[in-house]
Amino acid sequence: MSEASALNLLLFLPVIGGALLLLLPERRPDLVRGLSMLVLSAQLVIAAWLYLQFEAGVSGLQFETRIPWIAAWGVHYHIGLDGLNLLLVLLTAFLGPLVVAGAFTSITKDVKLFHGMVLFLQFTMLGTFLAQDLFLFYVFWEAMLIPMFLIIGIWGGERRIYATLKFFLYTAFGSILMLAAVVYLAFTVLSQDGTPSFAIADLYLLELSVPVQVLLLTGFALSFAIKVPMVPLHTWLPDAHVEAPTAGSVILAGVLLKMGTYGFLKLGFPLFPDAAQLATPLIMTLAVVSILYGAGLALVQDDIKKIIAYSSVSHLGYVMLGLVSYNLLGVQGAIIQMVSHGLVAGGLFLMVGMIYERCHSRDLGAYGGLAKVLPVYSVFFMLLTLAAIGLPTTSGFTGEFLVLLGAFHAAWPLYEQGLTYPLALASAAVLGIVLGALYMLRLVRRLLFGGLQAPEAQGGTLRDLSLREMGILAALVAAIFYIGLFPNDFLQKTEQAVIEYQERVLPERAAEGVR
Amino acid sequence: MDGMLTLLVLLPLAGFLLNGLLGRRLGTGFVNVVGVGLPFLAFGVALWAWRTLEAGDGAPIVETVFTWAVVGEYSFEVAFYLDRLSAVMALIVTGVGALIHLYSIGYMKGDEGYARYFAYLNLFLFFMLLLVLGRSLLVLFVGWEGVGLASYLLIGFWFQDAAKARAGRKAFITNRVGDAGFLLGMFLVFTFAGTLEMDRINEAFAAGLIPVGVATAAGILLFIGATGKSAQIPLHVWLPDAMAGPTPVSALIHAATMVTAGVYLVARLSGVYLEAPAASTLIAVIGVLTAFLAATIALVQTDIKKVLAYSTISQLGFMFLALGVGAYGVAVFHLFTHAFFKAALFLGAGSVIHALNGEQDIRRMGGLARRIPWTFGTFAIATAAIAGLPPLAGFFSKDEILWFAIASGEGGALWLWALGSLTALLTALYMFRLLWLVFLGHSRMEPETERHVHESPVTMTSVLVVLAAFSVIAGWFALPQYLEPLLALPEVRFAWGGWHLLQVIFAVLLALLGLAGAAWLYRDGGRPADELWQRFRRLHRVLAGKYFVDEFYDRALQRPWRWVSDRVFLRLGDRLLIDGSLHGLAALARWSAAAFARVQSGSLHWYAWMTLFGLVAVLIWVWRYV
Amino acid sequence: MSDANLLLAVSGMLFALGLVGVVVRRNLLVMLMFLELMLNGVLLSLAVFTQLLGAEAGAVLMFLVFVVAAAEIAIAVPIVLLLVRAGRTLDPGSYAGLKG
Amino acid sequence: MGVAVTIETVFFGIFSLGALAGAVAMFFLRHPMRVALALIGTMLSLAAIYAQLGLHVIAVFQVLIYVGAVMVFMIYAIMLLDVRDRSFTERFSPLLVAGLAGLLLLVGVLVDGLLRGEPVVTPVIREDVFSVGTFAAVFMDEFWVYFALAAVLLLVAEIAASAVIDIRRRGEDLAAARREKLDE
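Chains as they are written, first to last, in our numbering: chain A, 8 to 522; chain B, 14 to 639; chain C, 23 to 122; chain D, 35 to 218.
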């Protein structure tokens, strides 16, 4: 098997799986689950293989495929791995089987359709990460929303229609602006080079005037910021999370939110470097506001899912803060934080799903003292909580530490030039670790500690985790600790791409050799 | 030998994993062997490491384990670093730690979470060793946060009591506030020194290439971290609440080891503080104020463990006073002696509580001296030690601190000494008060409790005896001189050495005064003292209320933040402004859609006519303009 | 005026009459027939231009339009039949309620 | 250009007049059947024009498909639905005046456009080009895919038509069942 075809196989495996799924009888959900599990596990194996084969320190794309698609517009089917998407692809492939395994017992309605949607979603998400052609990227970006709407809309909670609509309105609004910017870019390429092209590598070379850059970045940034989500474009997230089924929440928090930050990393900032620098104070402010605002909101929620949803807002604020530090520490930290958040928030949503399956309530007030009756569950919940508050040796710490260090590192020279603002923001962001502990420990205390209290638990007879659930969580926890303890392998593989990112956004600083 | 330090650190981790995963299933025998045996083994390894260190004449041993991360030109390595300072700390941690593990066998007997308890305790030991042995600030921070976690878990060990769980959370969050400062200080140091390895940081600062302002800022920020972990003003509020945990935990974590991490940090980074006199002054001031205020609070507490908690805060204040005046070795000396007598005191208190079946209120004790003689004997020795009676351990270290508070050439001042001396007097007073109220006089116990009073098992008393013995002899090691190559003592301002002798005599007099005062005030169940307090009722209320710091934080920080989160963020921001405008837009869209929908009448003729009209318009436009 | 212009004018007239016929007549079937008239008008233009340019493709296109027209009628007439079964009238005004 | 009127022009004129006359007649005839007959007249005139233009194949198809298939189908429908409702009694829709105004406008615009535009070169009638053979060759070489697509479309339309009929039948069955129930 040639290496590039392995990447194509990775991408199209869910499609093949989906086609096979059609052949299975609706009456045999076990077969449907088994097949999906098989397909996604195979995908994980391929992704892991690709990760191991990926060479660190090599510039440019690896496992590249480039085939003309719509020749007249210069559109190519162009995919490839680089340091920016490598870890996210791995994360997506890692979460896939866990999502299906997590939905073994919770999804009983339209099982086939559900797994088809999950597979389709997997395909589109991987496509978005892998696309090296803006047109292809856009197609995947939009296609991704369809299965997500359906997953929330069909298997969601009571207010699912409202949540779906809100999700749709927000994202559609962002997409339209992005489409306009994409079209404009395409025309610019045509007029500057004489040949149409959507290749992202070509677009990096465009020379755009600053006002145009600002306009286009606005178009892209709104779309991405909605996905991230950054305050004040975040209100769709809690609703979507609360109404989505567990699998939906996991994918949403685990992968979908990373699309926004990945968009900034891959497209938004490097395509429009001058505008990015102009926007940096704004984005940095919004990132820090997101950290604090999300933490504040998470503190006053009584719906467990909402707490975790708002914590996502807070955690992705760190990612954005890292991205706009434009130095290796910060951006590397941001990438790690993306992966970490995917694992941690995904895991927490899975755990909420598990307790919801048992007690049918997401109200924090209805619970208490679960540590007594569900010891294994509590251990895992505690571990995930620790990762969420960024305790050292967990992935959360690796991400947050590098991000904050990077932000501080970027802000200090500015402070010496007399610019206090970035330093103040970087320092304020550090407060986030206090506030994070505040709301997560409140959640733990109310849920696990105190006197025993749980709805639908007659006489405290709650079933502790099954082997399947333990397996899912153990995999997550292992990954979390692996990144917390040995992040170096990840960092080495992403470093070259991050250096190029810095060179594109801040050529003069990169030229001075400041990393 | 290679891997010695790694082995030392990994032993307790192995204990944690074994006990955590298998302990419940394999029973207490297994738990005891693993949970207690491994810490003793670790102590043995620590001794061996110390011997190796001394064999190399104190040259630091560095052991790189693995590279955590390489980012660009920066490399973050996990490496252990053993010099005399960390060797002393490691010996204290493993030594006192192992003893307390042993003691716990008796204390925790029959508890539901027996295995869990030992797992947590081993976990604590692991992180504490990381903290002490880490070469880089990063590893130290890992340990720092890790001991915080272990502390959180152990304070909330009886998690079904919501108040105890809440105390754990409070400890963790207060520490996190300090950690935020720690992180910032770490970033600042990193920005200038380009490394997080502490020996290299010290070198970089000592080279004088770094501006004083930066050194001061970094020093203060790191000290904020230290105030969190070492319970100094203004972050001291968590420690008294932390007494909710099992008593051996209070002895190990909240007296002997973890809370001294801040002292260790400052001593370890003495290179930074030597360049930042302003930060040092701040440390001295905070230290002496904490020592004094905590001592005043300890005077009126009625919970045996709370008294000891405030005593710990006060003693830590002494250590910071020493650090602030540049006497780093002396601070570590006091840390060393304090570990023994405070552990002895806490374990003695634990033994009392054990004997009284959970009773903690000293107003319902008294006359226990004859009933539990071993406990009384060791407790009395430790009390004398902390009060500073010669020749016990506390006398030497405290005397040195007071001496340098006035004599140090690096920030010694009369008022520091005066306040410190006053605190020493108060220390003697409240400690002997405790001794009198608990062990002497006549019994004020409930009859039901009194009938069951019993001496603790030998696993507990033997530990008490060992600790008491060390409380006696620990002061005879000249630790400041031993550490001198590493942590130079400050210059003495006075030319005539006789001043020191005078100060020693004065300190002893103060301790004796405290003893006499306590004996007089707290005879007869403390009635004379009560009468005295009647006259200063308001003062008593303030002291008993711990200066109302908790209430102040609640009103000034916690509630406003909740209020802002709830009202401003949630109700105003999310619901009103953001969702409100979104819903407004939706309503606008619906309204305009309704307007447009009228065009769609359903009449085919009308549609066709509109097509016709549109066609005409298009044709006209095309022919006119294209 | 040349032949081509004459034919183009006729084509335009046929189209215009067809469109107006759809507007003014009331019978659904008649309206459908006017639609066919419009299509024929357009086809005439196509024929003229095919001839002018000598492009075979035009003829093929016309042929394809025939096929499409046949398909259109094949689907339109049953719909009308159904409507009349349901509403007993051929007046499209009676079916205004069918709008979305 | 001169007044040299060729025989072709005369024939064009006659058949054009025929087509237009048929179209105008469609307006005023009340009965759909007559409208259909007028439309057939128009179509036949157009077929003649096509033939004149040399597009014999198209002319044949015009007669075969349009007149032969489409209009016959239409006439069947008319005979099947001899509904004498308002659409019969009131020939014109409420938009009669508006429609006629539109007609005037449209015609005005078209005439305006024709007059402004450059006169088109007289078509060169090349008998040999549009022989059936050429047509067939082109058709099968280049456009067979489109034809196949159109055929599929036709097939779909047939299926849809029969489905529509089927739905109606089922609907009637349901209605009948309901009626029976009510009767009970």
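Quick reminder that beta carbons are idealized off the backbone N, C-alpha and C, glycines included.
Check                                                                                                                                                                     : Outcome
Can you give me the Cβ contacts of ALA195 (chain D) inside the same chain, cut-off strictly under 6 Å, excluding the 5 residues immediately before and after it?          : none
Cα separation between GLY56 (chain D) and ARG48 (chain C)?                                                                                                                : 19 Å
Counting only runs of 3+ residues fully inside the segment 229–308 of chain A, write out the beta strand (DSSP E) ranges in chain order.                                  : none
Can you list, in chain order, the residues of its chain whose CB lies under 7 Å from that of LEU393 (chain A), leaving out five sequence neighbours each side?            : THR401
Identify the contact partners of VAL143 (chain D) in chain B, using a Cβ-Cβ distance below 9 Å as the criterion.                                                          : LEU628, VAL629, LEU632, ILE633, TRP636
Which term fits GLY339 (chain B), buried or exposed, when burial requires 16 or more other beta carbons within 10 angstroms of its beta carbon?                           : buried
Rounding to the nearest angstrom, what Cα-Cα distance links ALA352 (chain B) and ALA406 (chain B) in this structure?                                                      : 10 Å
For PHE70 (chain A), which of helix, strand or coil comes out of DSSP?                                                                                                    : strand
Mapping the DSSP letters down to three states, classify GLN199 (chain A) as helix, strand or coil.                                                                        : helix
Would TRP574 (chain B) count as contacting chain A if we go by Cβ distances under 8 Å?                                                                                    : yes
Should ASN370 (chain B) be labelled buried (16 or more other beta-carbon atoms within 10 Å of its own) or exposed?                                                        : exposed
May I ask you to verify whether the segment 277–292 of chain B touches the segment 400–417 of chain B, counting CB pairs closer than 8 Å and requiring at least 3?        : no
Pull up the CB-CB distance for GLY458 (chain A) and GLY329 (chain A), whole angstroms please, since I reckon it's below 8 Å.                                              : Not a contact, Cβ separation roughly 41 Å.
Check the Cβ of ILE64 (chain D) against every Cβ in chain B and list those closer than 9 Å, keeping chain order.                                                          : The identity of residue 64 (chain D) in the sequence shown is Arg, whereas the question assumes Ile. The premise fails here: ARG64 (chain D) is roughly 18 Å from chain B at the closest Cβ pair, so nothing lies under 9 Å.
Any beta carbon of chain B sitting closer than 8 Å to that of ALA91 (chain C)?                                                                                            : no
Who are the neighbours of LEU137 (chain D) on chain C, taking C-beta pairs under 7 Å?                                                                                     : ALA38, VAL42
Would DSSP call TYR443 (chain B) helix, strand or coil?                                                                                                                   : helix
Nearest CA to the CA of MET53 (chain C): which residue from C:ARG110, C:ARG107, C:ILE95, C:ALA108?                                                                        : C:ILE95
Which residues, taken in chain order from the segment 105–122 of chain D, show a beta carbon closer than 9 Å to some beta carbon of chain C?                              : MET105, PHE107, MET108, TYR110, ALA111, ILE112, LEU114, LEU115, VAL117, ASP119, ARG120, SER121, PHE122
For the segment 586–601 of chain B, enumerate the residues whose C-beta is nearer than 8 Å to any C-beta of chain D, in chain order.                                      : none
On the DSSP bridge assignment, give the partners of LEU83 (chain A) in chain order.                                                                                       : The identity of residue 83 (chain A) in the sequence shown is His, whereas the question assumes Leu. Partner(s): A:PRO75.
Could you tell me if LYS319 (chain B) is buried or exposed, where buried requires 16 or more neighbouring beta carbons within 10 angstroms of its beta carbon?            : buried
Do LEU483 (chain A) and GLY403 (chain A) have their beta-carbon atoms positioned less than 8 Å apart in this structure?                                                   : no
Using the rule of at least 16 other Cβ atoms within 10 Å of the residue's Cβ for burial, across every protein chain shown, is PRO541 (chain B) buried or exposed?         : exposed
Which complete alpha helix (DSSP H) runs does the segment 415–494 of chain B hold, if anything under 4 residues is left out?                                              : 427–452, 460–464, 471–486
For LEU438 (chain B), which residues of its own chain have a beta-carbon under 7 Å away from its beta-carbon, when the five flanking residues on both sides are left out? : LEU523, LEU526, GLY527
Whole angstroms is fine: what's the gap from LYS46 (chain B)'s alpha carbon to PHE456 (chain A)'s?                                                                        : Before going on, a small fix: residue 46 (chain B) reads as Val here, not Lys. Roughly 29 Å separates the two Cα atoms.
What does MET60 (chain D) reach in chain C if we use C-beta pairs closer than 9 Å?                                                                                        : LEU39, GLY40, GLY43, ARG47, VAL52, MET55, PHE56, LEU59
Determine the direct distance from the alpha carbon of LEU391 (chain A) to that of LEU167 (chain B), and round the result to whole angstroms.                             : 19 Å
Determine, for GLY36 (chain D), whether the minimum Cβ-Cβ distance to residues of chain C falls below 8 Å.                                                                : Confidence at GLY36 (chain D) is low in this model, with a pLDDT of 46, below 50, so the placement of that residue should be treated as unreliable; the coordinate-derived value is given next. Chain C, which has no Cβ nearer than 8 Å to the Cβ of GLY36 (chain D), makes this no.
Buried or exposed: which applies to MET8 (chain A), given that a residue is buried once 16 or more other Cβ atoms fall within 10 Å of its Cβ?                             : Its pLDDT being 47, under 50, MET8 (chain A) is placed unreliably in this model, and the value from its coordinates should be taken loosely. Label assigned to MET8 (chain A): exposed.
Where does SER149 (chain B) fall in DSSP's three states?                                                                                                                  : strand
Once DSSP output is grouped into helix, strand and coil, what is the label at SER318 (chain A)?                                                                           : helix
Looking at chain D, which residues of the segment 58–82 of chain C have a Cβ within less than 8 Å of any of its Cβ atoms?                                                 : GLU58, LEU59, ASN62, LEU65, LEU66, ALA69, VAL70, THR72, GLN73, LEU74, GLY76, GLU78, ALA79, ALA81, VAL82
Taking DSSP as the reference, what is the three-state secondary structure of VAL65 (chain A)?                                                                             : coil
Thinking C-beta only, is LEU93 (chain A) closer than 8 Å to PHE61 (chain A)?                                                                                              : yes
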